[in-house]
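Working notes, structure below.
Number of protein chains: 2
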Amino acid sequence: MFSRMKVMVGGTFDPLHAGHRKLLGRSFELAGPGGCVVIGLTTDEFAGKKTHPVRPFGERKRDLERFIGERKFAASYRIEPLGDRYGPAPDEDFDALVVSEETLPVGMDINRIRQERGRKKVDIHQISCVLADDGRWISSTRIYRGEIDREGRVVR
Amino acid sequence: MFSRMKVMVGGTFDPLHAGHRKLLGRSFELAGPGGCVVIGLTTDEFAGKKTHPVRPFGERKRDLERFIGERKFAASYRIEPLGDRYGPAPDEDFDALVVSEETLPVGMDINRIRQERGRKKVDIHQISCVLADDGRWISSTRIYRGEIDREGRVVR
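Protein sequence lines, in the order shown, are assigned to chains U and W. Counting in this note's numbering, the first sequence runs without a single skipped number right up to 1223 at its last residue. Counting in this note's numbering, the second sequence runs without a single skipped number right up to 1223 at its last residue.
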């Protein structure tokens, strides 16, 4: 088997909900034993453009590390500050990018830029969004609004 | 880890070149030990719409089985005749679809149809095309034209 891939994934991860856990779990699975996951975590400045408040970088990073530690994934990882939509993905040497339905266009952009710069395109793994109990996407915005909790349960 | 996914992939696989081997290898890897890969192999009638001749279904199936047997993948598989672009993918219960850069639009169509029919969308894994030594895609058409061999070496 091949495995041992270097996989990139990015996000704000606040709060870390069931959709994020699927995104991260799949990233580690794709990387495989001996592989590596590079997690781009949005900086406070970049995340500040969202419509809802976002907790500070350090707190979000700590929650990510706690989640990853609990799962005992076989691949190694590192968390890097992500200051814009693309981060180092247009130029760095890696194998696969994991995206959500929302961020697939960013992944396609990254491959277009890579090609323009004469770099190898990467594989793109798009996970389908995790649905809340009401059949709509789980998103941080919906959790922040108090519509659902981070497991996708409707808050009454 | 999760793994144990049911993965679908389709193609004509004639001749079975380095790009196909990447597509199939990744499908088995994603399915994981205990998972299953459903390979849609185009029927002679459907494949007959291609611009180049295609060997009969039975010969293409035998080559697929030989390749899979040699690799000793951990997931099980079955090969099904694929009589149109979508096959059973809009209606069948499965987890992930593996596509190439060329067939990503088919994957997006399948998810759109699934959603219209009230079915869960599937994850889509797009592998980047394998490049021949001349930096262009490996494709059956180019192999048939005698430009490259199935490993992507330029034929002189």
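Positions of the beta carbon are idealized from the N, C-alpha and C atoms, including for glycine.
Under 7 Å by beta carbon: chain U residues contacting residue i
i	result
Ile1191 of chain W	Gln1193
Arg1188 of chain W	Contrary to the premise, residue 1188 of chain W reads as Lys rather than Arg in this sequence. By Cβ distance, chain U contributes Ser1195.
Outcome for residue i when other beta-carbon atoms lying within 10 angstroms are tallied against a minimum of 16
i	result
Gln1182 of chain W	exposed
Thr1170 of chain U	buried
Met1068 of chain U	Note that Met1068 of chain U scores 46 on pLDDT, short of 50, meaning its location in the model is unreliable; the coordinates nonetheless yield the value given after this. Result: exposed.
Lys1188 of chain U	buried
Arg1145 of chain W	exposed
Thr1079 of chain U	buried
Ser1143 of chain W	exposed
Asp1151 of chain W	exposed
Gly1101 of chain W	exposed
Arg1209 of chain W	buried
Which of helix, strand or coil DSSP assigns to residue i
i	result
Glu1147 of chain W	strand
Met1072 of chain U	coil
Gly1077 of chain U	strand
Ile1177 of chain U	helix
His1192 of chain W	strand
Ile1205 of chain U	coil
Leu1108 of chain U	strand
Leu1091 of chain U	helix
Arg1220 of chain U	coil
Leu1083 of chain W	coil
message: If contact is defined by three or more beta carbon pairs under 8 Å, each pair taking one atom from either stretch, is the region 1125-1139 of chain U in contact with the region 1163-1180 of chain U?
response: Too few Cβ pairs lie closer than 8 Å, so no.
contact_flag[the region 1106-1124 of chain W, the region 1208-1222 of chain U] where n(CB pairs < 8 Å) is 3 or more: Verdict: no, contact absent.
- prompt: Per the contact definition of three or more C-beta pairs closer than 8 Å, is the region 1195-1214 of chain U in contact with the region 1084-1092 of chain W?
  reply: Taking 8 Å as the limit for Cβ pairs, the verdict is that the region 1195-1214 of chain U does not touch the region 1084-1092 of chain W.
field: Ranges of the beta strand (DSSP E) found wholly within the region 1114-1175 of chain W, counting only runs of at least 3
entry: Runs of the beta strand (DSSP E) spanning 3 or more residues and lying entirely within the region 1114-1175 of chain W occur at 1143-1149, 1163-1167, in chain order.
- prompt: For the 8 Å Cβ check, are there 3 or more pairs between the region 1154-1169 of chain U and the region 1160-1170 of chain W?
  reply: The region 1154-1169 of chain U is not in contact with the region 1160-1170 of chain W.
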